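Residue numbers (UniProt numbering): 1 to 223. Note that the Cβ used here is the ideal one computed from N, Cα and C, for glycine as well. Because the structure is a prediction, the values reported are computed rather than measured.
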Amino acid sequence: MHFSRKLPRRWVGLLLTLLLHLALLYSLLLGKPAPQREDGQAARPAMQWLLPPPPKRAAPIATPPPTAPSRPIKPAKPAAATLLPPPPQAIAAPAEAPAAEPAAALPAEPVFGAAPPSAADVMRQPKRDLGKIDLGKLEQELRKEFPQRGVPQQPPDSKQARLERGINAAHEAVPPKWYEPARMVELSQPNSQVRVYKVSTALGAYCITVKEDGKKNFTTCPR
1 MHFSRKLPRR
11 WVGLLLTLLL
21 HLALLYSLLL
31 GKPAPQREDG
41 QAARPAMQWL
51 LPPPPKRAAP
61 IATPPPTAPS
71 RPIKPAKPAA
81 ATLLPPPPQA
91 IAAPAEAPAA
101 EPAAALPAEP
111 VFGAAPPSAA
121 DVMRQPKRDL
131 GKIDLGKLEQ
141 ELRKEFPQRG
151 VPQQPPDSKQ
161 ARLERGINAA
171 HEAVPPKWYE
181 PARMVELSQP
191 NSQVRVYKVS
201 TALGAYCITV
211 KEDGKKNFTT
221 CPR
């Protein structure tokens, strides 16, 4: 501020103009391209090449002096064995002939006992035993011991009993369906030795008569 007051205004303007021209000239110099060589190539900045140092030489390895080849050591030969005469062998006494084996003992004759009974004999045995029993005497003894057995008892005569007998009779009269099992009812008399059974199926009814000897007969049922 003090400097500008001492100088006249025109000098200040000239100084500013000079500084402006210098700035323009500097900018032009910076934007000017680099000068070309005579051979037509653009000038390049100088380059400095760095080379690697030469490799160090390895120290020579000392080789051992050659040694004379060792001779193979041959194994010592064994001393020749002296041949000695073989010892005299003892004269073996002749082996005695083996004693004659005793004659093989003859097998003992099998003892045959009574022959086992056949199946037919087993089946006939109960019949023979049954024939030896007095059936009349046996029945009298059983009646003395059990007086109520074998005596037919009259069914109770009541409305409930008559209804049950009617229902059972109606049920027995109708044959079973094809998916129901067969029904069997005994028809024999209490004191009879022959047992009679009625078998009812979906296809019909038939009777089985079992005699005293156990034989079975298939017949039609009486109506």
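Neighbour-count burial assignment, residue i, 16 or more Cβ in a 10 Å radius
i	result
Ser200	buried
C-alpha distance - residue i paired with residue j, whole-angstrom precision
i	j	result
Leu51	Ile61	30 Å
Asn168	Gln193	26 Å
Leu24	Leu30	10 Å
Lys144	Lys215	30 Å
Arg57	Thr63	18 Å
His21	Ser27	10 Å
Gly204	Thr219	12 Å
Glu164	Ala170	10 Å
Asp121	Pro175	43 Å
Tyr206	Ala173	13 Å
Asp157	Ser118	55 Å
Thr17	Gln48	44 Å
Gly166	Glu141	37 Å
Residue(s) in a DSSP beta bridge with residue i
i	result
Tyr206	Val199
Val185	Lys198
Asn217	Thr209
Same chain, Cβ closer than 6 Å to residue i, neighbours up to 5 away in sequence not counted
i	result
Tyr197	Met184, Glu186 and Ile208
residue 228	In the structure as shown, the chain starts at 1 and stops at 223, and residue 228 therefore has no counterpart that could be examined.
Gly212	Going by the sequence as given, residue 212 is Glu instead of Gly. Cβ within range, chain order: Gln193.
Glu139	none
Whole-angstrom C-beta distance between residue j and residue i, which should lie under 8 Å
i	j	result
residue 227	Ala161	No information on residue 227 is available, as it lies outside the stretch 1 to 223 that the chain covers here.
Cut-off 8 Å between Cβ atoms - residues of its own chain near residue i, not counting five sequence neighbours on either side
i	result
Glu180	Ala202
Arg221	The displayed chain sequence assigns Cys, not Arg, to residue 221. Leu187, Lys198, Ala205, Tyr206 and Cys207.
Pro53	none
Cβ shell of residue i (< 7 Å), same chain only, five flanking positions each side left out
i	result
Ala182	Pro176, Val199, Ser200 and Thr201
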